[in-house]
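A.B. asks:
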Amino acid sequence: MKVVGRERWAQIWKPMATILAVFLAFYYLPIGWPRFDNALVEALELTKWYAQEHVILCLLPAFYIAGAIAVFVSQGSVMRYLGAGANKVLSYSVASVSGTILAVCSCTVLPLFAGIYRMGAGLGPAMAFLYSGPAINVLAIVMTAAVLGPSLGVARAIGAIVFSIVIGLIMATLYRKEEQVKIKAQAMLPVPEVAHPLWQNAVYFGALVGILVFANWGKPQEISGLWGTIYTAKWALTASFGLLLAFALWRWFGVLWWKVAAVTIVTAGVALFFANQPQVPFIVGLIGLTVLTSTAREEMGDWFDQSWSFAKQILPLLLIGVLISGFLLGRPGYEGLIPSAWVAAAVGGNSLLSNFVASFLGAFMYFATLTEVPIVQGLVGAGMGQGPALALLLAGPALSLPNMLVIRSIVGTQKTVVFVTLVIIFATLTGWVYGAWIVR
Numbered sequence: 004m005k006v007v008g009r010e011r012w013a014q015i016w017k018p019m020a021t022i023l024a025v026f027l028a029f030y031y032l033p034i035g036w037p038r039f040d041n042a043l044v045e046a047l048e049l050t051k052w053y054a055q056e057h058v059i060l061c062l063l064p065a066f067y068i069a070g071a072i073a074v075f076v077s078q079g080s081v082m083r084y085l086g087a088g089a090n091k092v093l094s095y096s097v098a099s100v101s102g103t104i105l106a107v108c109s110c111t112v113l114p115l116f117a118g119i120y121r122m123g124a125g126l127g128p129a130m131a132f133l134y135s136g137p138a139i140n141v142l143a144i145v146m147t148a149a150v151l152g153p154s155l156g157v158a159r160a161i162g163a164i165v166f167s168i169v170i171g172l173i174m175a176t177l178y179r180k181e182e183q184v185k186i187k188a189q190a191m192l193p194v195p196e197v198a199h200p201l202w203q204n205a206v207y208f209g210a211l212v213g214i215l216v217f218a219n220w221g222k223p224q225e226i227s228g229l230w231g232t233i234y235t236a237k238w239a240l241t242a243s244f245g246l247l248l249a250f251a252l253w254r255w256f257g258v259l260w261w262k263v264a265a266v267t268i269v270t271a272g273v274a275l276f277f278a279n280q281p282q283v284p285f286i287v288g289l290i291g292l293t294v295l296t297s298t299a300r301e302e303m304g305d306w307f308d309q310s311w312s313f314a315k316q317i318l319p320l321l322l323i324g325v326l327i328s329g330f331l332l333g334r335p336g337y338e339g340l341i342p343s344a345w346v347a348a349a350v351g352g353n354s355l356l357s358n359f360v361a362s363f364l365g366a367f368m369y370f371a372t373l374t375e376v377p378i379v380q381g382l383v384g385a386g387m388g389q390g391p392a393l394a395l396l397l398a399g400p401a402l403s404l405p406n407m408l409v410i411r412s413i414v415g416t417q418k419t420v421v422f423v424t425l426v427i428i429f430a431t432l433t434g435w436v437y438g439a440w441i442v443r
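In short: position in the sequence shown from 1, add 3, done, that's this note's numbering.
In structure tokens form, the structure reads like this:
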């Protein structure tokens, strides 16, 4: 039977149009144009830097934490504190201050967001957590105040906390029918048995979070005071939490003592030989944990399976997003396809347009933890207004193109577009109001 109309378009012309578009793109590829060639290099350079600096230290521990949430945190506990039917004051308070504990970037927070959302967290609290995780970083806010001025640091802190709550409430309101269905479905779920007492899970998760936080502790401007002391001891602290995790796995989670001891001894031996390269023993420890969990059964095996599931879903999208982001905007201090002079010119003054441009570009750029402060400092030196500076600080750390691709795979296209739009709108308006107030 002859295929006509839409069916013919879907089966023949749509694939043919796609092939033609790809062919023309390669046929007219502007190789040899210096800016295009440089953008390709920047895309690869940013992806290389991301792989070296963030995949091992940030994402892999985050995947394990997300897997642990799925296996060891009861669904009842998630629903009690973050569920769609949970007390609003409690759930949004917990979600909105999470960044004070987790010093993570917009990509590292994604496995944790996916974990709590999959376990039954309401859309509003989950989105509040998604925004606040990278936005309310204590060290970044302190650094903002020290480098860019106390008023900007305070405005960033207050804006990030308020944003996370307001955006979460708006998301929950817009999708309240879906949330009501989720509440009814959750009410019918049986109460699961608790395999481990709360204090054991607290120690276990504390060890995992400690490893993530201290392995990624950013270098302050001056190696002095509390932040400098912690930075100097970051790898010793990371190792201490690693030992605590090893103890928990043996004592409470059924991993044979000789397996835990073997991984611990090998990691410690590597640390002695690579004292000046702490990432090497960190990698060895991760490999050891992977071997222990992937070859185990029951809880430990489930932990690896869940962690691997998050990694398969999230990591490819992140790397694709980083490539695109590097191609368009380059690395910090380098240019991609879009000239940095255009950016600097577009964010001068304090018009609504300049604040929108700052928040829009910030939303699509990738900022590693703490890197947004020197970037904004450079832009301010090039003529960026105070309002657009705040707008970028409120939108940039919490969002990025890689981050958006992954959020879409978790909550869908529509919710992702709404979330990103809300962040950009609120960042724009807040920057505009702050810029008008600061120049009075």
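C-beta: ideal position from N, C-alpha, C; glycine also. In this text, all values refer to a predicted model and were calculated from it rather than measured experimentally.
CB threonine 424 to CB alanine 394, shorter than 9 angstroms?
C.D. replies: In this structure, alanine 394 does not lie closer than 9 angstroms to threonine 424 by Cβ.
A.B. asks: Report yes if the C-beta distance between valine 76 and asparagine 204 is below 9 angstroms; otherwise report no.
C.D. replies: Against a cut-off of 9 angstroms, the Cβ pair of asparagine 204 and valine 76 comes out as a contact.
A.B. asks: Who pairs with methionine 387 in a beta bridge, going by DSSP?
C.D. replies: According to DSSP, methionine 387 bridges with Gly351.
A.B. asks: What's the C-alpha gap between leucine 252 and leucine 364?
C.D. replies: Spanning the two alpha carbons is a distance of roughly 44 angstroms.
A.B. asks: Classify isoleucine 327: buried if its beta carbon has 16 or more other beta carbons within 10 angstroms, exposed otherwise.
C.D. replies: It is buried - the Cβ of isoleucine 327 has at least 16 other Cβ atoms within 10 Å.
A.B. asks: Determine the DSSP secondary structure at alanine 42, reduced to helix, strand or coil.
C.D. replies: DSSP places alanine 42 in helix when its eight states are reduced to three.
A.B. asks: Leaving out five residues on either side along the sequence, give the residues of the same chain with a beta carbon under 7 angstroms from the beta carbon of glutamate 182.
C.D. replies: If we look at glutamate 182 and ignore the five residues flanking it on each side, its Cβ neighbours are Ala87, Gly125, Leu126 and Ala175.
A.B. asks: My understanding is that valine 421 touches leucine 177, with C-beta atoms under 8 angstroms, so please give their C-beta distance in whole angstroms.
C.D. replies: Indeed, because the Cβ distance is near 6 angstroms, the residues count as touching under 8 angstroms.
A.B. asks: Determine the contact status of alanine 117 and leucine 211, defining contact as a CB-CB distance below 9 angstroms.
C.D. replies: No, the Cβ-Cβ distance between alanine 117 and leucine 211 is not below 9 angstroms.
A.B. asks: Inspect the beta-carbon positions of threonine 403 and glycine 324 and report whether they are closer than 9 angstroms.
C.D. replies: Here residue 403 is serine; the residue named in the question, threonine, does not match the sequence. Yes, the Cβ-Cβ distance between serine 403 and glycine 324 is below 9 angstroms.
A.B. asks: Give me the Cβ distance between alanine 143 and valine 383, rounded to the nearest whole Å; I'm assuming they're in contact under 8 angstroms.
C.D. replies: That belief does not hold up - the Cβ atoms of alanine 143 and valine 383 are roughly 16 angstroms apart, past 8 angstroms.
A.B. asks: Please check the pair tyrosine 134 and valine 426, which I expect to be a contact at CB under 8 angstroms, by giving their CB distance rounded to whole angstroms.
C.D. replies: Yes, they are in contact, since the Cβ atoms of tyrosine 134 and valine 426 sit about 7 angstroms apart, within 8 angstroms.
A.B. asks: For alanine 20 and asparagine 406, I'd like the C-alpha separation in whole angstroms.
C.D. replies: In a straight line, the C-alpha of alanine 20 is about 29 angstroms away from that of asparagine 406.
A.B. asks: Checking 9 angstroms against the spacing of the C-beta atoms, do proline 114 and leucine 62 come in under that value?
C.D. replies: Going by C-beta atoms, proline 114 is nearer than 9 angstroms to leucine 62.
A.B. asks: Which residue marks the beginning of the alpha helix (DSSP H) containing glycine 329, and which one marks its end?
C.D. replies: Looking at the DSSP string, the run of the alpha helix (DSSP H) that includes glycine 329 is 301–332.
A.B. asks: If we ignore side chains and look at the alpha-carbon of each, how far apart do leucine 172 and valine 436 end up?
C.D. replies: C-alpha separation (whole angstroms): 22 angstroms.
A.B. asks: Look up alanine 236 in the DSSP assignment and say whether it is helix, strand or coil.
C.D. replies: Note: alanine 236 maps to coil in three-state DSSP.
A.B. asks: Would you say leucine 246 touches the ligand SAH, meaning its beta carbon is less than 8 angstroms from a heavy atom?
C.D. replies: Because no ligand of any kind appears in the structure shown, any question about the ligand SAH cannot be addressed here.
A.B. asks: Using beta-carbon positions only, say whether proline 223 and glycine 213 come within less than 9 angstroms of one another.
C.D. replies: Not a contact, by the Cβ cut-off of 9 angstroms.
A.B. asks: Can you tell which of Trp261, Gly35, Ala274 and Ala347 has its C-alpha closest to the C-alpha of threonine 241?
C.D. replies: Per the Cα distances, Ala274.
A.B. asks: Just to confirm, are glycine 288 and alanine 348 a CB contact at a threshold of 9 angstroms?
C.D. replies: No, these two residues do not count as a Cβ contact at 9 angstroms.
A.B. asks: Cutting at 6 angstroms between CB atoms, please list the residues of its own chain near phenylalanine 367, excluding the five before and the five after it.
C.D. replies: The residues are Leu404.
A.B. asks: Among Thr374, Ala131 and Gly272, which one has its Cα closest to the Cα of methionine 146?
C.D. replies: For the residues Thr374, Ala131 and Gly272, the minimum Cα distance to methionine 146 belongs to Thr374.
A.B. asks: Go ahead and pull the three-state DSSP assignment for alanine 138.
C.D. replies: Reduced to three states, the DSSP call for alanine 138 is helix.
A.B. asks: In the DSSP assignment, what are the bridge partners of glycine 86?
C.D. replies: Answer by DSSP bridge pairing, in chain order: Ala124.
A.B. asks: Note down the Cα distance separating alanine 401 from glycine 245, rounded to an integer number of angstroms.
C.D. replies: Answer to the nearest angstrom: the Cα atoms are 28 angstroms apart.
A.B. asks: With H, G and I counted as helix, E and B as strand and the rest as coil, what does DSSP make of tryptophan 16?
C.D. replies: Helix at tryptophan 16.
A.B. asks: In or out: asparagine 219 buried (at least 16 other Cβ within 10 Å) or exposed?
C.D. replies: By the neighbour-count rule (16 or more Cβ atoms within 10 Å), asparagine 219 is buried.
A.B. asks: Between serine 154 and alanine 131, which are expected to be in contact by the criterion C-beta below 8 angstroms, what is the C-beta distance as a whole number of angstroms?
C.D. replies: Actually they do not touch by this definition, with Cβ atoms about 25 angstroms apart.
A.B. asks: Residue ranges of each alpha helix (DSSP H) run of no fewer than 4 residues wholly in the region 132–188, ordered along the chain?
C.D. replies: Runs of the alpha helix (DSSP H) inside the region 132–188: 141–151 and 153–177.
A.B. asks: Can you list, in chain order, the residues of its chain whose CB lies under 7 angstroms from that of leucine 396, leaving out five sequence neighbours each side?
C.D. replies: Hits under 7 angstroms: Thr147, Arg159, Glu375 and Val379.
A.B. asks: Could you have a look at histidine 57 and say whether DSSP puts it in helix, strand or coil?
C.D. replies: The answer is helix: DSSP assigns histidine 57 an H, G or I state.
A.B. asks: Under a three-way DSSP split, which group does phenylalanine 359 fall into?
C.D. replies: Helix, per DSSP.
A.B. asks: Going by beta carbon distance, what residues of the same chain come within less than 7 angstroms of tyrosine 337, once the five residues before and after it are set aside?
C.D. replies: Correct list, in chain order: Glu45.
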